[in-house]
Amino acid sequence: MSPTDVHHLLGLLAIGAARTIPIVWSIPVFGGPHLPGQIRLAMGIGLSFLCLPVLASGAPTGGVVLWGLLLAREVMVGIVMGFVGACMFRAAEAAGHLTDVLRGASMSEALSPMGAGKSSPLGALMILLAVVVFFEIGGPVHLTAALARSYEAIPLASPMGFAGSPHAMAMVAVAASAKLIESAIGLCAPALVALLLADIVLGMVGRAVPQIPLYFIGLPLKALLGVGAVLLGLASTDIALQSGFRVFFDLLGALFPIRP
19 MSPTDVHHLL GLLAIGAART IPIVWSIPVF GGPHLPGQIR LAMGIGLSFL CLPVLASGAP
79 TGGVVLWGLL LAREVMVGIV MGFVGACMFR AAEAAGHLTD VLRGASMSEA LSPMGAGKSS
139 PLGALMILLA VVVFFEIGGP VHLTAALARS YEAIPLASPM GFAGSPHAMA MVAVAASAKL
199 IESAIGLCAP ALVALLLADI VLGMVGRAVP QIPLYFIGLP LKALLGVGAV LLGLASTDIA
259 LQSGFRVFFD LLGALFPIRP
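Remember, the numbering used here sits 18 above the position in the sequence shown when you count from 1.
Dropping the structure here:
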């Protein structure tokens, strides 16, 4: 292989990595911030190796300016894909954190296994459950298919004109953000209802028997009730996470419509 071919191959891998590294960097299932950055970079480059046949067949010919524009566009596509792919994980973590806030455990902190900092105990549990569900429904296959479809919808040969316009990407990102909030509230709804009913019952007991120190009794009871509601609802949470992931996979499909 001549030096020219080597340089061309490295250029193709750099273009591919510009799309795949933001995906690996954003989606918690690839290890998150606690995994060393070098390993995540290697995973992103390895993912670009899988795309090498597509990259080689659609490589554009042009000068430095064209390749620079192409690189910037690939980074933007990867960032949007990574954001949409990570939304369901963040929704699960937010649902756990919101439940901890309402059960009075907001001051408790646990090391987030897939986040940059610390999370609440149930937040850490929920994001781990989301990772399990992601593999359970074949998430890597869906993600790989979305990546392949992205090269069909946004081929390298047309760096400036492509089916998925920046406006369409922005609309999908907004829809994903709205779905993130909706999913987080939906996932923690059973625990929220249980804690609300507990507050009503404790309020009625407080009015009937004012001598009872409800603060010292109610706080541990609500903490246990919140955990119990989450554990009893694990089966329904699993189903809800599966449904939520499929919605975000559909959003990835809407992000890259294939032109006839």
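We treat Cβ as the ideally placed atom computed from N, Cα and C, and that holds for glycine.
All values reported here derive from a predicted model rather than from experimental measurement.
Item to check | Test: residue 90 CB closer than 9 Å to a CB of chain D | outcome: Although the question refers to chain D, the structure presented lacks it and comprises just one protein chain.
Item to check | Spatial neighbours of residue 103 in its chain, beta-carbon cut-off 6 Å, leaving aside the 5 residues before and after | outcome: 45
Next on the checklist: Need the endpoints of the alpha helix (DSSP H) that residue 56 sits in, please.
Outcome noted: 55-68
Checklist entry - residue 216: which of 195, 241 and 197 sits nearest, CA to CA? => result 241
Next on the checklist: Below 8 Å on the Cβ atoms is my contact criterion, and I expect residue 70 with residue 34 to pass it. Report the Cβ-Cβ distance as a whole number of Å.
Outcome noted: 7 Å
Checklist entry - How big is the Cα-Cα spacing for residue 157 and residue 151? => result 8 Å
Checklist entry - Going by the CB atoms, is the gap between residue 155 and residue 260 shorter than 9 Å? => result yes
Next on the checklist: Using only the alpha-carbon positions, how far apart do residue 239 and residue 169 sit?
Outcome noted: 53 Å
Next on the checklist: Is the beta carbon of residue 253 closer than 9 Å to that of residue 117?
Outcome noted: no
Next on the checklist: Is the separation between the beta-carbon of residue 93 and that of residue 167 shorter than 9 Å?
Outcome noted: no
Item to check | Where the alpha helix (DSSP H) through residue 108 begins and ends | outcome: 82-120
Next on the checklist: Suppose you measure from the CA of residue 209 to the CA of residue 270; what does that come to, to the nearest Å?
Outcome noted: 30 Å
Next on the checklist: Considering Cα atoms alone, identify which of 68, 200 and 107 is closest to residue 30.
Outcome noted: 68
Item to check | Under 9 Å between C-beta atoms of residue 213 and residue 258 | outcome: no
Next on the checklist: Tell me the DSSP secondary structure of residue 227 in three-state form.
Outcome noted: coil
Checklist entry - Under the rule that 16 or more other beta-carbon atoms within 10 Å means buried, what is residue 263, buried or exposed? => result buried
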